[in-house]
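J.: So the protein lines, in turn, are chains A and B. Position 111 (the first sequence) corresponds to 139 in my numbering; numbering is contiguous. Position 6 (the second sequence) corresponds to 10 in my numbering; numbering is contiguous. All C-beta atoms in this analysis are idealised placements derived from N, C-alpha and C, irrespective of residue type, glycine included.
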Amino acid sequence: DAKTTQPPSMDCAEGRAANLPCNHSTISGNEYVYWYRQIHSQGPQYIIHGLKNNETNEMASLIITEDRKSSTLILPHATLRDTAVYYCIVRVGGGLYNFNKFYFGSGTKLNVKP
Amino acid sequence: NAGVTQTPKFQVLKTGQSMTLQCAQDMNHNSMYWYRQDPGMGLRLIYYSASEGTTDKGEVPNGYNVSRLNKREFSLRLESAAPSQTSVYFCASSEARTGAGNTIYFGEGSWLTVV
Numbered sequence: 029d030a031k032t033t034q035p036p037s038m039d040c041a042e043g044r045a046a047n048l049p050c051n052h053s054t055i056s057g058n059e060y061v062y063w064y065r066q067i068h069s070q071g072p073q074y075i076i077h078g079l080k081n082n083e084t085n086e087m088a089s090l091i092i093t094e095d096r097k098s099s100t101l102i103l104p105h106a107t108l109r110d111t112a113v114y115y116c117i118v119r120v121g122g123g124l125y126n127f128n129k130f131y132f133g134s135g136t137k138l139n140v141k142p
Numbered sequence: 005n006a007g008v009t010q011t012p013k014f015q016v017l018k019t020g021q022s023m024t025l026q027c028a029q030d031m032n033h034n035s036m037y038w039y040r041q042d043p044g045m046g047l048r049l050i051y052y053s054a055s056e057g058t059t060d061k062g063e064v065p066n067g068y069n070v071s072r073l074n075k076r077e078f079s080l081r082l083e084s085a086a087p088s089q090t091s092v093y094f095c096a097s098s099e100a101r102t103g104a105g106n107t108i109y110f111g112e113g114s115w116l117t118v119v
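Written out as structure tokens, the structure reads:
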């Protein structure tokens, strides 16, 4: 599975949009981009995932570039409770594949400030 | 719907003691996993079970054993605990299926300290 690169930390003002970048330049055509977050050593929480189209759910939006070499997670209106470490992960999805190669790097520590 | 449940949540062990971390999921998932997370680090896979009756080593299996007791339960055993095994342990589960990428769900973690 492809590896990812994320900035170690970012700040965001409360109420503003938080845009978290991720580079995955070696991603393969059948690899999905996943985003998880971890709030203060709780279990990682699923946010969103996508293959090549942009995705949106009640938590966030995922923008994947046309060449799929990078993506951005957007939290439209960040709150203090969104302060967490955000992980960008790529893996092959579906079929016989499971998460035995679901590698978590160090992620991005998002600090939402009042 | 509880999702993934781990016990105990906190445990202190003396070096050389043994213990078992229990994990159960109620989502009827085929695959289950044990990760560890050291301070300031990402998660590392210890063992996984792709389906009931199978288990395989992950990235850091040394010092651990696992048992997939049934489809719901996946336990992690430390036979002779060492201080290097002080960590937070997360159990997770996922459903392997065709089509769109699926997701993995995590428990809330078990804090283990070995003194």
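How close, in whole Å, do the beta carbons of Gly78 (chain A) and Ile55 (chain A) come, if the pair is a contact with beta carbons under 8 angstroms?
T.: Your numbering for residue 78 (chain A) matches position 50 in the first sequence. Your numbering for residue 55 (chain A) matches position 27 in the first sequence. The pair is not a contact, with the Cβ atoms about 12 angstroms apart (cut-off 8 angstroms).
J.: What does the Cβ neighbour count give for His68 (chain A), buried or exposed, with the cut at 16 atoms within 10 Å?
T.: As a position in the first sequence, residue 68 (chain A) is number 40, starting the count at 1. Burial call: exposed.
J.: Taking only the alpha-carbon atoms, compute the straight-line gap between Val16 (chain B) and Gln10 (chain B) and give it to the nearest angstrom.
T.: For the purposes of this step, residue 16 (chain B) is taken as residue 12 along the second sequence, with counting starting at 1. For the purposes of this step, residue 10 (chain B) is taken as residue 6 along the second sequence, with counting starting at 1. Cα to Cα, the separation comes out at about 16 angstroms.
J.: Short of 7 angstroms Cβ to Cβ, which residues in the region 130-141 of chain A face chain B?
T.: Those would be Phe130, Phe132, Gly133, Ser134, Gly135, in chain order.
J.: What number of angstroms, rounded off, separates the C-alpha of Pro35 (chain A) from the C-alpha of Cys50 (chain A)?
T.: By 1-based counting over the first sequence, the position of residue 35 (chain A) is 7. By 1-based counting over the first sequence, the position of residue 50 (chain A) is 22. Going from the Cα of Pro35 (chain A) to the Cα of Cys50 (chain A) covers about 8 angstroms.
J.: Along chain A, which residues have their Cβ under 7 angstroms away from the Cβ of Gly111 (chain B)?
T.: Translated into the one-based positions of the second sequence, residue 111 (chain B) becomes position 107. Near Gly111 (chain B) (Cβ distances below 7 angstroms), the residues of chain A are Gly71.
J.: Does any C-beta atom of chain B lie closer than 8 angstroms to the C-beta of Gly122 (chain A)?
T.: By 1-based counting over the first sequence, the position of residue 122 (chain A) is 94. Only weak support is given to the placement of Gly122 (chain A): the predicted model assigns it a pLDDT of 49, under 50, and the value that follows is read from those uncertain coordinates. With 8 angstroms as the cut-off, Gly122 (chain A) counts as an interface residue toward chain B.
J.: Quick check on the DSSP output: what are the complete beta strand (DSSP E) runs of length 3 or more inside the region 77-119 of chain A, in order along the chain?
T.: Counting only runs of 3 or more, we get 89-92, 98-103.
J.: What's the C-alpha gap between Asp95 (chain A) and Ser35 (chain B)?
T.: As a first step, residue 95 (chain A) is located in the first sequence; it is residue number 67 there, counting from the start. As a first step, residue 35 (chain B) is located in the second sequence; it is residue number 31 there, counting from the start. For Asp95 (chain A) and Ser35 (chain B), the distance between alpha carbons rounds to 31 angstroms.
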